[in-house]
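From first to last, the protein sequence lines stand for chains A and B. The opening residue of the first sequence carries number 325 in this note's numbering; numbering runs sequentially from there. The opening residue of the second sequence carries number 4 in this note's numbering; numbering runs sequentially from there. We treat Cβ as the ideally placed atom computed from N, Cα and C, and that holds for glycine. If you're wondering where the values come from, they're calculated on a predicted model, not measured in any experiment. Have a look at the structure below before the remarks.
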Amino acid sequence: AQTVTQSQPEMSVQEAETVTLSCTYDTSESDYYLFWYKQPPSRQMILVIRQEAYKQQNATENRFSVNFQKAAKSFSLKISDSQLGDAAMYFCAYRSARRDDKIIFGKGTRLHILP
Amino acid sequence: NAGVTQTPKFQVLKTGQSMTLQCAQDMNHNSMYWYRQDPGMGLRLIYYSASEGTTDKGEVPNGYNVSRLNKREFSLRLESAAPSQTSVYFCASSPGPFISYNEQFFGPGTRLTVL
């Protein structure tokens, strides 16, 4: 069975600095998708960035980028120029490319932004 | 578009009471999901429906039932609520199956307390 591990329950970063959130996953499949979701205090789950496993190029979305290491089964999220609005819980998630489209979530990393 | 809507937003029940959480999406998605979120546990899948007329158990189905009423609506029922079911419940939908990425879109959540 696939698993997703986020080893950092909480992190803090100074405003305007860069922070990297770690995520590792375990799978025997070669074709899959990876996601980072953000959950601010409002509780709303928001998709931040996504990556297809067959794409070697790392995904980027404005200040958010990933470091996808397929062989190491690692999918870290880098947030550049951190802003107060980035304070949230961040979840890493995995989905197989097979017919079964369930998503497996990690337990989350709570990110604090220090002014 | 409203996206994914959930009712109610908050609910307090006594042990043994029953209730139904409602979820609707207006994105013409095929797949719908119910999750629960507990502190330190991330999101755990309760039930999902890959298409209208089908439902399948997720990771934590005990104590719950679901109904995929039509393509838009997917309800979650607690027949006899227990304190262990105190949680935040999220409904989600996705275009899938067989859709690239098939990312999930989430509702705002329902905070349920069982006394």
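inquiry  = Assess contact between the region 10-30 of chain B and the region 377-385 of chain A, defined as three or more Cβ pairs (one per stretch) separated by less than 8 angstroms. Is contact present?
reply    = no
query = Nearest to Ile437 (chain A) by alpha carbon, out of A:Val337, A:Val328, A:Thr327 and A:Ala325?
reply = Sequence index remark: in the first sequence, residue 437 (chain A) carries index 113 (1-based). If we check each option's Cα against that of Ile437 (chain A), A:Val337 comes out closest.
query = Can you list, in chain order, the residues of its chain whose CB lies under 7 angstroms from that of Ala5 (chain B), leaving out five sequence neighbours each side?
reply = Counted from its first residue, the second sequence places residue 5 (chain B) at position 2. The residues are Asp29.
query = Do Tyr361 (chain A) and Val343 (chain A) have their CB atoms nearer than 8 angstroms?
reply = Working through the first sequence from its first residue, we reach residue 361 (chain A) at position 37. Working through the first sequence from its first residue, we reach residue 343 (chain A) at position 19. The answer is no: Cβ separation not under 8 angstroms.
task = Would you be able to state if there are at least three C-beta pairs under 8 angstroms between the region 409-417 of chain A and the region 78-92 of chain B?
result = no
request  = Name, please, each residue of chain A whose Cβ falls closer than 7 angstroms to the Cβ of Pro111 (chain B).
outcome  = Translated into positions along the second sequence, residue 111 (chain B) becomes position 108. Going along chain A in sequence order, the residues near Pro111 (chain B) (Cβ under 7 angstroms) are Arg367 and Gln368.
message = Whole angstroms are fine: how far does the CA of Ser52 (chain B) sit from the CA of Asp59 (chain B)?
response = What you label residue 59 (chain B) is simply residue 56 of the second sequence in a count that begins at 1. What you label residue 52 (chain B) is simply residue 49 of the second sequence in a count that begins at 1. Cα to Cα, Asp59 (chain B) sits roughly 6 angstroms from Ser52 (chain B).
message = Checking 8 angstroms against the spacing of the C-beta atoms, do Gln107 (chain B) and Ile427 (chain A) come in under that value?
response = Stepping through the second sequence from its first residue, residue 107 (chain B) is reached at position 104. Stepping through the first sequence from its first residue, residue 427 (chain A) is reached at position 103. For Gln107 (chain B) and Ile427 (chain A), yes; Cβs fall inside 8 angstroms.
inquiry  = Within a Cβ cutoff of 6 angstroms, which residues of the same chain sit near Gln20 (chain B), ignoring the five residues on either side of it in sequence?
reply    = What you label residue 20 (chain B) is simply residue 17 of the second sequence in a count that begins at 1. The residues are Ala84.
message = So the candidates are B:Pro42, B:Glu62 and B:Thr57; which of them puts its Cα closest to the Cα of Ala325 (chain A)?
response = As a first step, residue 325 (chain A) is located in the first sequence; it is residue number 1 there, counting from the start. Ranking B:Pro42, B:Glu62 and B:Thr57 by Cα distance to Ala325 (chain A) puts B:Glu62 first.
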